[in-house]
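What follows is a set of notes on a single structure, which appears directly below.
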Amino acid sequence: MNGYEASVRFAVLGPVRAWRGGHELDLGSPQQRAVLAALLLRRGRAVALAELLDAVWGEEQPAAAVSVLRTYVSRLRKVIEPGRDADGTRRMVVSVGDGYLIRLPADGLDLTVFEQLVTRARTLRDAGELSAAAELLRAALDGWQGTALAGLPGPLAESEGSRLNEERLATLETWLDVEVARGRHGEVVAELIALTGKYPLREQLCRLLMLALYRSGRQAEALAAYRETRATLVAELGIEPGAPLQDLHDRILAADATLAASRPERPAAPEGPEGPDALSAPAAPAVVPAARPAQLPADLPAFVGRCAELDRARALLAEQDEPPSSVVISSIGGMAGIGKTTLAVHWAHQMTDRFPDGQLYVNLRGFDPTGSLVTPDEAIRTFLGALGVPPPRIPAGLDAQTALYRSMLAQRRMLVLLDNARDTDQVRPLLPGSPGCLVIVTSRNQLTGLVVGEGAHPLPLDQLTPAEAHDLLAARLGADRPAAEPRATEEIITWCARLPLALAIVAAHAVAHPGFPLSAIAKELRDSHGSLDAFASGDDITTDVRAVFSWSYKAVSAPAARLFRLLGLHSGPDISAPAAAALAGLPLREARGLLVELTRANLLTEHFPGRHALHDLLRVYAAERADAEETPPERERAVGRLLAWYLHTADAAYPHITPQRRRIPLEPLPDLCRPLEFTTHEQALDWCETERANLVAAVHRAAGSGRPGTAWRLPAVLWGFFYLRSHTHDWVDTARAGLAAARADGDLRGEAQGLADLAAALRGSGRFDEAADHFRQAMVAYRDLGDTDARASAVTNLGDTYLQTGRLDKAVEYIRRGLAVERVVGTPWGEGICLCNLGDVYQRLGRFDEAVECLEQSLDLLRANGNRWVEGVTLDILGTVHRRLHRYDDAVEYYHEALKTHRDVGNRWGEGHTLGNLGDAQLSADEPEAARDSWRQALAIFTEFDHRDAEKIRERLGRLAPAAGHDQAAPPVRAGTRPGDTRTTDGR
Numbered sequence: 008m009n010g011y012e013a014s015v016r017f018a019v020l021g022p023v024r025a026w027r028g029g030h031e032l033d034l035g036s037p038q039q040r041a042v043l044a045a046l047l048l049r050r051g052r053a054v055a056l057a058e059l060l061d062a063v064w065g066e067e068q069p070a071a072a073v074s075v076l077r078t079y080v081s082r083l084r085k086v087i088e089p090g091r092d093a094d095g096t097r098r099m100v101v102s103v104g105d106g107y108l109i110r111l112p113a114d115g116l117d118l119t120v121f122e123q124l125v126t127r128a129r130t131l132r133d134a135g136e137l138s139a140a141a142e143l144l145r146a147a148l149d150g151w152q153g154t155a156l157a158g159l160p161g162p163l164a165e166s167e168g169s170r171l172n173e174e175r176l177a178t179l180e181t182w183l184d185v186e187v188a189r190g191r192h193g194e195v196v197a198e199l200i201a202l203t204g205k206y207p208l209r210e211q212l213c214r215l216l217m218l219a220l221y222r223s224g225r226q227a228e229a230l231a232a233y234r235e236t237r238a239t240l241v242a243e244l245g246i247e248p249g250a251p252l253q254d255l256h257d258r259i260l261a262a263d264a265t266l267a268a269s270r271p272e273r274p275a276a277p278e279g280p281e282g283p284d285a286l287s288a289p290a291a292p293a294v295v296p297a298a299r300p301a302q303l304p305a306d307l308p309a310f311v312g313r314c315a316e317l318d319r320a321r322a323l324l325a326e327q328d329e330p331p332s333s334v335v336i337s338s339i340g341g342m343a344g345i346g347k348t349t350l351a352v353h354w355a356h357q358m359t360d361r362f363p364d365g366q367l368y369v370n371l372r373g374f375d376p377t378g379s380l381v382t383p384d385e386a387i388r389t390f391l392g393a394l395g396v397p398p399p400r401i402p403a404g405l406d407a408q409t410a411l412y413r414s415m416l417a418q419r420r421m422l423v424l425l426d427n428a429r430d431t432d433q434v435r436p437l438l439p440g441s442p443g444c445l446v447i448v449t450s451r452n453q454l455t456g457l458v459v460g461e462g463a464h465p466l467p468l469d470q471l472t473p474a475e476a477h478d479l480l481a482a483r484l485g486a487d488r489p490a491a492e493p494r495a496t497e498e499i500i501t502w503c504a505r506l507p508l509a510l511a512i513v514a515a516h517a518v519a520h521p522g523f524p525l526s527a528i529a530k531e532l533r534d535s536h537g538s539l540d541a542f543a544s545g546d547d548i549t550t551d552v553r554a555v556f557s558w559s560y561k562a563v564s565a566p567a568a569r570l571f572r573l574l575g576l577h578s579g580p581d582i583s584a585p586a587a588a589a590l591a592g593l594p595l596r597e598a599r600g601l602l603v604e605l606t607r608a609n610l611l612t613e614h615f616p617g618r619h620a621l622h623d624l625l626r627v628y629a630a631e632r633a634d635a636e637e638t639p640p641e642r643e644r645a646v647g648r649l650l651a652w653y654l655h656t657a658d659a660a661y662p663h664i665t666p667q668r669r670r671i672p673l674e675p676l677p678d679l680c681r682p683l684e685f686t687t688h689e690q691a692l693d694w695c696e697t698e699r700a701n702l703v704a705a706v707h708r709a710a711g712s713g714r715p716g717t718a719w720r721l722p723a724v725l726w727g728f729f730y731l732r733s734h735t736h737d738w739v740d741t742a743r744a745g746l747a748a749a750r751a752d753g754d755l756r757g758e759a760q761g762l763a764d765l766a767a768a769l770r771g772s773g774r775f776d777e778a779a780d781h782f783r784q785a786m787v788a789y790r791d792l793g794d795t796d797a798r799a800s801a802v803t804n805l806g807d808t809y810l811q812t813g814r815l816d817k818a819v820e821y822i823r824r825g826l827a828v829e830r831v832v833g834t835p836w837g838e839g840i841c842l843c844n845l846g847d848v849y850q851r852l853g854r855f856d857e858a859v860e861c862l863e864q865s866l867d868l869l870r871a872n873g874n875r876w877v878e879g880v881t882l883d884i885l886g887t888v889h890r891r892l893h894r895y896d897d898a899v900e901y902y903h904e905a906l907k908t909h910r911d912v913g914n915r916w917g918e919g920h921t922l923g924n925l926g927d928a929q930l931s932a933d934e935p936e937a938a939r940d941s942w943r944q945a946l947a948i949f950t951e952f953d954h955r956d957a958e959k960i961r962e963r964l965g966r967l968a969p970a971a972g973h974d975q976a977a978p979p980v981r982a983g984t985r986p987g988d989t990r991t992t993d994g995r
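In case it helps, this note's numbering puts the sequence shown at residues 8 to 995.
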């Protein structure tokens, strides 16, 4: 880089501008500035002529566009570099092929300076240097002079401007987060109020505003900010706030002491070699101060009985006020409705003074009828949050989370209540690792493994004794009413089978009707006898409970009762208000009101804001009422509306997750069914994740209820979601169910689509032989349908499957066949995918020139058609080509481009694979610490998704330590192998 070039500076973070020294240059018309912007944003890489034309004019190019564009470049050269070298070559704006590139010094572009400052700031923040981080973030933001690329015409300004402005807003959020964390909440409240008004859908801004207001002593305003944001999200998007915002709201309501302003951070390191600029060896992360959680549910005011069980429980702890010498575990077991949770909570409250460091509680939902149990990592994340660990500090992977959790509990006296556990495996990671803690577990199963392996003390519960049942009614009703009608009281106890749940519901009914004699209530129980099966062994449901449920059911309004019984037709674990509206064929506002009514009547539980669930006993009762009171046609219409709502809402998410992919033709919407709409990629993914269990259940419900069209279409539109979030089990499960339904119905189109979807799911699971077999079947099915485009996709994907198994000759054969068909049909989307795959085969065969040619052609087609998924894969393969040619700087650059593209589309698998390859290139370039960092990031991603390549990355990290800096310590991937499959070649 010569001094002349270094004296020119450029700006894109605002209007596009340039200076030589202190003199601003005249860059000409907006179109001419757009050309310069296209070159600057490529950061020293060539921009093809076609890309420049598209950047300036898009599809509406003037007749002499090429000539005009070259004129613009000529004028820019005269302004930017009025002189040239003696041999006439250009110094900065250089011709490359039919396009151009611009050479820039490291600090010659404000965008580069901005990104460097932000990167350094985040490193400082992670090291606990909040003041220094805040200064760098503020400096980065101060470099902006307005809206990025302001005043420029053309598609480039629109797309890149939006991206850059989003980066600025994200950086602003990071700066505000750091300011709040370092105790400057009062100084940023005004700015946060303005920003939340300008960006009402950004939940992070609302979260920061709530926290800043709360720490400023303005709790009511913090809660009002939440209500306003929630109302906006519900009204405009039909969704509830995300979990972090809802959690903060709940913690503010509970006056959570851990929300208090943090202590001032330690002083910033002095400037100089050991100061903030010395980032090659960052300080260790600051230790997170442990909070004192108090998460126990409220104790039952009218708790009675269970004296023998409580005595046994208390006997587990020494009488004196000393910490236990080991972890004490009590496992409370028994059937549904027997009072396990009530006893556990009551005992836990009696023990709180013995465990002064706090109490943790989680409902593990082990016996949810739909199987939506809380996984150990979800529970630990909740506990770590309660202990004061910020979400970014929570490691990926269950082992690392468990280690941090146990470290946080070491030397502390904590009480942990694990409610409604399914089995020992769900509980074991949640057990503390050092003495001093009490763990109470409730479960319907006998947790024998916990007793044998962890020394847990079993505490089985049976029915209440007659005396305890009498005391329960007296506590709820007052002593006078049972005493006045002893025979009726005994009859009620008998019909309720001394089951606490049934007795509690009967008592609530009697309290609600103080004028009813107990003899009348006993007669109701007697008259309804036989209408619900009695509790038997396990979790069967009793006659008594049905009779008791009927009172609450009859007390609600007729519309609410209708919605309640229709909810019994829903097979998923919970339901949102929009889904309930579709089920009942009601306007959303009316459905919400009925859900509130049912919740108040304790017929429904709002277990998470906006998400409602039926207790398993009530679900059975609701289904029985639907069978008894709804006609078969009405039940069919209700289920049809709900399944159509899931399908059409998933289809609305489809183009945001997999843009430009060929759409699946849907069946018409039924009347009174209003699916949701989405505006962003993140909203679409979040909705799919929230509804995942319901979507899987919907596929099986559709397959089992005579709706094969929905059964195969729903997995088809969920393809991209299952891939991005690595839900391969659900992917295979739903695709297989959809295929079976289509075959049973004789639907050839559905069978072909089901074969292709199941093949893709099997390939994503690493079951390549099965995938190849299904792709071959899909080829035949599409041939019979005359669908040339879809057949070409199946051919290409079969070739890609052969590629993953190392059968490169077969891969070349099928990918070339697919490429030929794509070119005949004229589908550049599919052609770009084929060229990407073919380039990968060639690089594995060592035919690097052919590989680069195919990959560069692929990039042009993919970018022209907006296929950013496969663009990221193609960039990754180009990086591998250059790495194998020992061009490590070029390889690293391609890998970084690939990472950015993967992250833009949320392709976490692709991000992990590229990080693995990046580490290979960095190690080959004798940068072992950089390689270690890349591999650690890759391992975190693979561990998060339980990906099969996690072990490969662990092996590389293990070999790095004794031989860091040498290629043989962690050899690059050999020709014919890759860390894993990152492509998305299944669709158009």
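Every residue gets a Cβ at the ideal spot worked out from N, C-alpha and C, and that includes glycine.
{"query": "Along the chain, where does the beta strand (DSSP E) containing SER493 start, and where does it finish?", "result": "Before going on, a small fix: residue 493 reads as Pro here, not Ser. Careful: PRO493 lies outside any beta strand (DSSP E), inside the alpha helix (DSSP H) at 493-502."}
{"query": "At what residues does the beta strand (DSSP E) containing LEU108 begin and finish?", "result": "106-109"}
{"query": "From this set, LEU869, GLU857, LEU252, GLU962, which residue's C-alpha is nearest THR834's C-alpha?", "result": "LEU869"}
{"query": "Below 6 Å CB to CB, which residues in the same chain sit around GLY106 once its five sequence neighbours on both sides are set aside?", "result": "ALA53, VAL54, ALA55, LEU56"}
{"query": "For ARG774, would you say it is in contact with chain D, using Cβ-to-Cβ distances shorter than 8 Å as the test?", "result": "In the structure shown, chain D does not exist; there is a single protein chain."}
{"query": "Taking the straight line between their C-alpha atoms, what separation do you get for VAL334 and PRO439?", "result": "7 Å"}
{"query": "Could you say if the region 154-170 and the region 20-30 meet the contact criterion of at least three C-beta pairs nearer than 8 Å?", "result": "yes"}
{"query": "I need the straight-line Cα distance from ALA62 to PRO594, nearest angstrom please.", "result": "45 Å"}
{"query": "Between which residues of its own chain and GLU122 is the CB-CB distance below 7 Å, once the five residues before and five after are set aside?", "result": "none"}
{"query": "Do you know how far the Cα of ALA568 is from the Cα of HIS920?", "result": "52 Å"}
{"query": "Just to confirm before moving on: does the CB-CB distance between ALA45 and LEU32 stay below 8 Å?", "result": "no"}
{"query": "Classify HIS909 as buried or exposed, calling it buried when 16 or more other Cβ atoms lie within 10 Å of its own Cβ.", "result": "buried"}
{"query": "From the DSSP secondary-structure annotation, give me the bridge partner or partners of HIS619.", "result": "ILE582, GLU613"}
{"query": "With the cut-off set at 8 Å, would you say VAL100 and ILE87 are in Cβ contact?", "result": "yes"}
{"query": "Leaving out five residues on either side along the sequence, give the residues of the same chain with a beta carbon under 8 Å from the beta carbon of PRO280.", "result": "Any reading at PRO280 must be qualified, since the residue scores a pLDDT of 34, below 50, and its modelled position is unreliable; the value itself is stated next. Closer than 8 Å at Cβ, skipping near neighbours: no residue."}
{"query": "Using the beta-carbon count (16 or more within 10 Å), is VAL831 buried or exposed?", "result": "exposed"}
{"query": "Quickly, what does DSSP pair HIS464 with across the bridge? List them, please.", "result": "SER337"}
{"query": "Tell me the DSSP secondary structure of ILE172 in three-state form.", "result": "Per the sequence shown, the amino acid found at residue 172 is Asn instead of Ile. Helix, per DSSP."}
{"query": "Whole beta strand (DSSP E) runs in the region 392-448 with 3 or more residues, listed along the chain?", "result": "422-428"}
{"query": "In three-state terms, what does DSSP make of HIS30?", "result": "strand"}
{"query": "Work out the CA separation of ARG943 and TRP64 for me, nearest whole Å.", "result": "43 Å"}
{"query": "Using CA atoms only, rank isn't needed, just tell me which of GLY773, VAL828, THR887 is closest to MET786.", "result": "VAL828"}
{"query": "For the pair the region 397-414 and the region 342-358, tell me if three or more CB-CB distances fall below 8 Å.", "result": "no"}
{"query": "Flag this pair as yes or no: are the beta carbons of MET421 and GLY462 separated by less than 8 Å?", "result": "no"}
{"query": "Determine the burial state of ARG955: buried for a count of at least 16 other Cβ atoms within 10 Å of its Cβ, exposed for fewer.", "result": "exposed"}
{"query": "Give the straight-line distance between the Cα atoms of LEU792 and PHE782, rounded to the nearest whole angstrom.", "result": "15 Å"}
{"query": "On the DSSP letters alone, give me the boundaries of the beta strand (DSSP E) that VAL369 sits inside.", "result": "366-370"}
{"query": "Does the beta-carbon of HIS256 have 16 or more other beta-carbons within 10 angstroms, so that it is buried, or is it exposed?", "result": "buried"}
{"query": "Please report the Cβ distance between VAL819 and VAL859, rounded to the nearest whole angstrom; I am assuming they are in contact, meaning their Cβ atoms lie under 8 Å.", "result": "So it is not a contact: roughly 17 Å between Cβ atoms."}
{"query": "When the distance is taken between beta carbons, is VAL724 closer than 8 Å to ALA657?", "result": "yes"}
{"query": "Express the C-alpha separation of LEU692 and ALA139 in angstroms, rounding to a whole number.", "result": "35 Å"}
{"query": "Just verifying my parser: in three-state terms, what is the DSSP assignment at ARG16?", "result": "strand"}
{"query": "Answer yes or no: do VAL195 and GLU186 have a C-beta to C-beta separation smaller than 8 Å?", "result": "yes"}
{"query": "Could you tell me whether the Cβ atoms of ILE336 and VAL459 are closer together than 8 Å?", "result": "no"}
{"query": "Near LEU216, what residues of its chain come up, given a Cβ to Cβ distance below 6 Å and the 5 sequence neighbours on each side ignored?", "result": "LEU199, THR203, ALA232"}
{"query": "How big is the Cα-Cα spacing for SER441 and PHE362?", "result": "14 Å"}
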